[in-house]
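Engineer: Quick note on the numbering used here: the sequence shown kicks off at 806 and runs consecutively.
Here a beta-carbon is modelled for each residue, glycine too, at the ideal position from N, C-alpha and C.
Here you go, one structure.
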Amino acid sequence: MSDLFYLNAKSMLPSQMIEILSAENTDLDEYLGTEIYANNNKEYIAIQKERMIQTLALHQNSVGDIPVYLLRAPGRLNAFLEYLDMCAGDHMSTTIDGDIPVAVSIRDDGKVVCRNDNLLFAEGRFDIETEFNLFKNSPWDESKLPDTWDNRTRLHPYYGHKAGEWLNYVRCSFLRTKWEFPDLKLLGANMTFGPASAPFRAGTSSSSAIVVLSFLAMYLANHDLLPKWSMSDVCRLLGEAEWYVGTHGGANDQTTILRNCPNGVLYNRHSAPILDSDILPCIEGVKVVLVDSLWEANKALGANHIFNLRKGWMDLADDLMKHILNTVKGYINSVGVEAENKPGWLPDLINSAMCISPCKYPAILESKIDVWKPIFKNYNKLGSLSEDILGVSSEVIEELICLLPEEISADDAGKLLGKTNSDMERDYTLPYESEGGYRVRNAAIFFFKENRIGRRLEHLFIEADKRLSSSEIAIDSDEYDFYRLEVGQILDELQKTIRDDFQVSNNQLDLLLNISKSGPGYLGGKLTGAGSGGCVSIMIRDGYEDAFCEYIDENYYRQVNNFDEYRKTLDDLAKDNAENSSEWMMAKEMKQNLENALGGYCNYRRAVTFSRGACAIELENFA
């Protein structure tokens, strides 16, 4: 287990660790630059060491000079694909060199005490058994749903605590483990979170990094009690653990944060029965610049609602697709191949069963009954809408998607699936009146496109690396540059489907991306993460990093009117809520965050490297 999580480090006194980090040591600098951050710049490494020292000093001041582990977890960057893990599709992502450090000391009781260098996050503590009993004993009607972690986190997320409370992200790993093993008496830990360099509320999953760190602290404290988990087991467990905070996502963020290697891009195979990851070579001669839009992806502005509603789109699309498949299977079983001789049978069947007329005449699906066999066998969720998984052509998949309604109301979907309004709210999140119905066809189109793009990227990365490694082409050749240009165009395609099909971009992100297109060295770009604010990821030619950042400074951050819409949104939020309410205070905080950021925007855009995943810093080797 320790090999999987890079937790071979021995605990040391904070004073010893600080002494090692404070000394000049080229071997330590090489270790941090090569094995952790994929960045050997001397000034950069000095900054990372200082952050670690500050973390250890804060921990020492809080709990004394007692044995400690120094851990760090990076932010996740969806540089290429989005959301596929949530519907059993294969997802491609990496980790950035921005991370969160934490000092961990094991306690001899079941309490967890957390401190944070960020003043926005107040010190907190909880007792593991007390928290588990609180959650486990939340109100429950056994007659309606099985008492599972899935169902309970849907009905009672963060039970007894406030939505968005940062300690929820620490609690969830302990509680998910207790749910699996309720009789275990887990030991707790003192955890001190140091100065973070991972962007905050910016779409790089700093929250999932905290979930991973809390799990690693829990594991360090209790590894003798815990089973021999595989990496796949833990990744799925942590994806489910984060459901506790109120978002019902997949396991890609946690998988990437745990499994990535320096300079790696992971293709996480969520479609496989056992979650696995392939490390892909990235295109050479490019850099990725992460630019914060400064529009916070915050629950106060509906970010959680948008995330959960989009999850509702995909879950409802999946349930309706299964309804369609069951309807067609029943008809074929009763009629057999004779159906091929009855033109119009499929549109008539769908119309009769669902009151839907396909947007495209399903000529292949109607005239070739055998094409349904692999669909019935291989369809799982929307992530299986791929030729290589479903076992049918793209033309057939397009016809299949067109059997779904373009938009469907909660009432109509509930009638089809036999669900009440409260069931619809629980399972799919009800859209606001202004949002209309569930755009289920859009969701299917989005994942079909993402799957095709992911396969194209995988092919391009492998082919480019193979030709470069064999010296068939040179890194500065026109032939190799074709790969850079192609990948850049694909990123622009991705943003288009994220914006138009899945509709999770916003005007601020669109503005920033449009400005970026004219920047020096630009190849392609997209939002990263759940959308609704946060960061964009821009791929540029190597060597243009400084010029591109200066261009962004001049044309985005220094143009005051670029943030007029965001300011008005925050002002309206404050005006619409009672003074000193949590929403009012959040609006004021976010307004101040914006003004502070505009006063120091150099911290909000930079070229990133692809760092190692979560790990312990093994300083004992440099004592």
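Would you tell me roughly how many angstroms separate the C-alpha atoms of L1262 and V1292, rounded to the nearest one?
Structural biologist: What you label residue 1262 is simply residue 457 of the sequence shown in a count that begins at 1. What you label residue 1292 is simply residue 487 of the sequence shown in a count that begins at 1. Approximately 7 Å between the Cα atoms of the pair.
Engineer: Is it true that the CB of A893 sits closer than 8 Å to the CB of K1116?
Structural biologist: Numbered from its first residue, the sequence shown carries residue 1116 at position 311. Numbered from its first residue, the sequence shown carries residue 893 at position 88. No.
Engineer: To which residues does DSSP link F1415 through a beta bridge?
Structural biologist: Taking the sequence shown and counting its residues from 1, one reaches residue 1415 at position 610. I901, per the DSSP bridge assignment.
Engineer: For N998, which beta-bridge partners are listed by DSSP?
Structural biologist: Within the sequence shown, the letter at position 193 stands for residue 998. Checking the sequence, you will find Phe at residue 998 rather than Asn. DSSP lists V907, N921 as partners of F998.
Engineer: What residues in its chain sit with their C-beta under 6 Å from that of E1089, if we drop five residues either side in the sequence?
Structural biologist: Within the sequence shown, the letter at position 284 stands for residue 1089. Closer than 6 Å at the Cβ level, and outside the excluded window around E1089, lie I1280.
Engineer: Just the Cα atoms here: how many angstroms apart are E848 and Y1184?
Structural biologist: In the sequence shown, the residue the question calls residue 848 occupies position 43. In the sequence shown, the residue the question calls residue 1184 occupies position 379. About 52 Å.
Engineer: Any idea if P1032 is buried or exposed, counting beta-carbon neighbours within 10 angstroms, 16 or more meaning buried?
Structural biologist: The residue given as residue 1032 occupies position 227 in the sequence shown. So P1032 ends up on the exposed side.
Engineer: Take G1242 and list the residues in its own chain whose beta-carbon comes closer than 6 Å to its own, dropping the five residues that flank it on each side.
Structural biologist: Your numbering for residue 1242 matches position 437 in the sequence shown. Around G1242: E1212, I1213, S1214.
Engineer: When DSSP labels each residue in this structure, what does K1147 get in the three-state scheme?
Structural biologist: Counting from one through the sequence shown, the residue named residue 1147 turns up at place 342. Coil.
Engineer: With H, G and I counted as helix, E and B as strand and the rest as coil, what does DSSP make of N973?
Structural biologist: Working through the sequence shown from its first residue, we reach residue 973 at position 168. DSSP places N973 in helix when its eight states are reduced to three.
Engineer: Looking only at its chain, what residues have a beta carbon closer than 7 Å to the beta carbon of I933, apart from the 5 residues adjacent to it on each side?
Structural biologist: Your numbering for residue 933 matches position 128 in the sequence shown. Correct list, in chain order: G915, V917, F979, K983, L991, G993.
Engineer: Go through the stretch 1343-1371 residue by residue and report every complete run of the beta strand (DSSP E) that reaches 3 residues or more, in order.
Structural biologist: Runs of the beta strand (DSSP E) inside the stretch 1343-1371: none found.
Engineer: Below 8 Å on the Cβ atoms is my guess for H1075 versus L889; work out the distance and round it to an integer in Å.
Structural biologist: Here residue 1075 refers to the residue found at position 270 when the sequence shown is read from its first residue. Here residue 889 refers to the residue found at position 84 when the sequence shown is read from its first residue. That pair is a contact at about 7 Å.
Engineer: Hey, A1003 and S1011: beta-carbon distance below 8 Å or not?
Structural biologist: Walking along the sequence shown from the start, residue 1003 turns up at place 198. Walking along the sequence shown from the start, residue 1011 turns up at place 206. Contact: yes.
Engineer: Kindly give me the distance between the Cβ atoms of T900 and G1418, rounded to whole angstroms, as I take these residues to be in contact under 8 Å.
Structural biologist: Taking the first residue of the sequence shown as position 1, residue 900 is located at position 95. Taking the first residue of the sequence shown as position 1, residue 1418 is located at position 613. Their Cβ separation, rounded to whole angstroms, is 6 Å, which keeps T900 and G1418 in contact under 8 Å.
Engineer: Just to confirm, is the Cβ distance from N1311 to G1338 under 8 Å?
Structural biologist: Mapped onto the sequence shown, residue 1311 falls at position 506. Mapped onto the sequence shown, residue 1338 falls at position 533. Against a cut-off of 8 Å, the Cβ pair of G1338 and N1311 comes out as a contact.
Engineer: Compute the beta-carbon to beta-carbon distance between G1326 and R1346, rounded to the nearest angstrom, for a pair I have assumed lies under 8 Å.
Structural biologist: Position 521 of the sequence shown, counted from the start, is the residue given in the question as residue 1326. Position 541 of the sequence shown, counted from the start, is the residue given in the question as residue 1346. With 8 Å as the limit, G1326 and R1346 qualify as a contact, their Cβ atoms being about 4 Å apart.
Engineer: With three or more beta-carbon pairs closer than 8 Å as the criterion, would you say the stretch 961-981 touches the stretch 924-931?
Structural biologist: Because the criterion of three Cβ pairs below 8 Å is met, the stretch 961-981 and the stretch 924-931 touch.
Engineer: If you follow the alpha helix (DSSP H) that Y1237 is in, where does it begin and where does it stop?
Structural biologist: Residue numbering aside, residue 1237 sits at position 432 when the sequence shown is read from its first letter. Taken as a continuous stretch (DSSP letters only), Y1237 belongs to no alpha helix (DSSP H), as it is neither H nor E.
Engineer: Using a threshold of 8 Å, state whether the C-beta atoms of G1429 and M891 are closer than that.
Structural biologist: What is shown of the chain runs 806 to 1428, which leaves residue 1429 out entirely.
Engineer: Express the C-alpha separation of K1373 and N1382 in angstroms, rounding to a whole number.
Structural biologist: On the sequence shown, position 577 is the one that residue 1382 refers to. On the sequence shown, position 568 is the one that residue 1373 refers to. Their Cα atoms are separated by approximately 14 Å.
Engineer: Return the first residue and the last residue of the alpha helix (DSSP H) that K1134 is part of.
Structural biologist: For the purposes of this step, residue 1134 is identified with residue 329 of the sequence shown, where counting begins at 1. Counting along the chain, the alpha helix (DSSP H) containing K1134 begins and ends at 1108-1140.
Engineer: For G999 and L863, which I take to be in contact (beta-carbon distance under 8 Å), what is that distance rounded to the nearest angstrom?
Structural biologist: Numbered from its first residue, the sequence shown carries residue 999 at position 194. Numbered from its first residue, the sequence shown carries residue 863 at position 58. Between L863 and G999 the Cβ distance is about 6 Å, and since that is below 8 Å, they are a contact.
Engineer: Distance check for K1092 and D1286, CA to CA, integer angstroms please.
Structural biologist: Mapped onto the sequence shown, residue 1286 falls at position 481. Mapped onto the sequence shown, residue 1092 falls at position 287. Whole-angstrom Cα-Cα distance: 14 Å.
Engineer: Which residues in the same chain have their Cβ closer than 7 Å to the Cβ of E1204, if we skip the five residues on either side of it in sequence?
Structural biologist: For the purposes of this step, residue 1204 is taken as the residue at position 399 of the sequence shown. Excluding residues within five positions, the ones whose Cβ falls inside 7 Å are K1165, P1167, I1169, L1170.
Engineer: In angstroms with no decimal places, state the Cα-to-Cα distance between D988 and F937.
Structural biologist: Here residue 988 corresponds to residue number 183 of the sequence shown, with the count starting at 1. Here residue 937 corresponds to residue number 132 of the sequence shown, with the count starting at 1. Their Cα atoms are separated by approximately 11 Å.
Engineer: Which two residues bound the contiguous alpha helix (DSSP H) that contains A1248?
Structural biologist: Start at 1 with the first residue of the sequence shown, and residue 1248 comes out as number 443. That run of the alpha helix (DSSP H) goes 1245-1274.
Engineer: Suppose the cutoff is 7 Å on Cβ atoms and the five residues either side in sequence are ignored; what does the same chain contact list for N1367 look like?
Structural biologist: Position 562 of the sequence shown, counting from 1, holds the residue named residue 1367. Excluding residues within five positions, the ones whose Cβ falls inside 7 Å are L1316, Y1361.
Engineer: Count the other CB atoms within 10 Å of the CB of N1426; is the residue buried (16 or more) or exposed (fewer)?
Structural biologist: As a first step, residue 1426 is located in the sequence shown; it is residue number 621 there, counting from the start. Result: exposed.
Engineer: Spatial neighbours of C1340 within its chain, please: C-beta separation below 8 Å, excluding the five flanking residues on both sides.
Structural biologist: As a working mapping, residue 1340 is identified with position 535 in the sequence shown. Cβ neighbours of C1340 beyond the five flanking positions: P1004, A1007, G1008, T1009, L1095, V1096, D1097, S1098, L1332, T1333, G1334.
Engineer: Please tell me whether M996 and V868 are closer than 8 Å, where the distance is taken between their beta carbons.
Structural biologist: Sequence index remark: in the sequence shown, residue 996 carries index 191 (1-based). Sequence index remark: in the sequence shown, residue 868 carries index 63 (1-based). The answer is no: Cβ separation not under 8 Å.
Engineer: In three-state terms, what does DSSP make of A1003?
Structural biologist: Here residue 1003 is taken as the residue at index 198 of the sequence shown, counted from 1. Looking at A1003 - three-state DSSP - the assignment turns out to be coil, as it is neither helix nor strand.
Engineer: Please confirm if the stretch 1401-1417 is in contact with the stretch 814-831, defined as three or more CB-CB distances below 8 Å between the two stretches.
Structural biologist: With a cut-off of 8 Å, the stretch 814-831 and the stretch 1401-1417 do not count as touching, because too few Cβ pairs lie within range.
Engineer: Per DSSP, what kind of secondary structure is I1015 in: helix, strand or coil?
Structural biologist: Start at 1 with the first residue of the sequence shown, and residue 1015 comes out as number 210. In this structure, I1015 counts as helix in the three-state DSSP scheme.
Engineer: What does the Cβ neighbour count give for H1028, buried or exposed, with the cut at 16 atoms within 10 Å?
Structural biologist: On the sequence shown, residue 1028 is found 223 positions in, with the first residue counted as 1. Result: exposed.
Engineer: With a threshold of 16 other CB atoms inside 10 Å of the CB of E1268, please say whether the residue is buried or exposed.
Structural biologist: On the sequence shown, residue 1268 is found 463 positions in, with the first residue counted as 1. Under this definition E1268 is an exposed residue.
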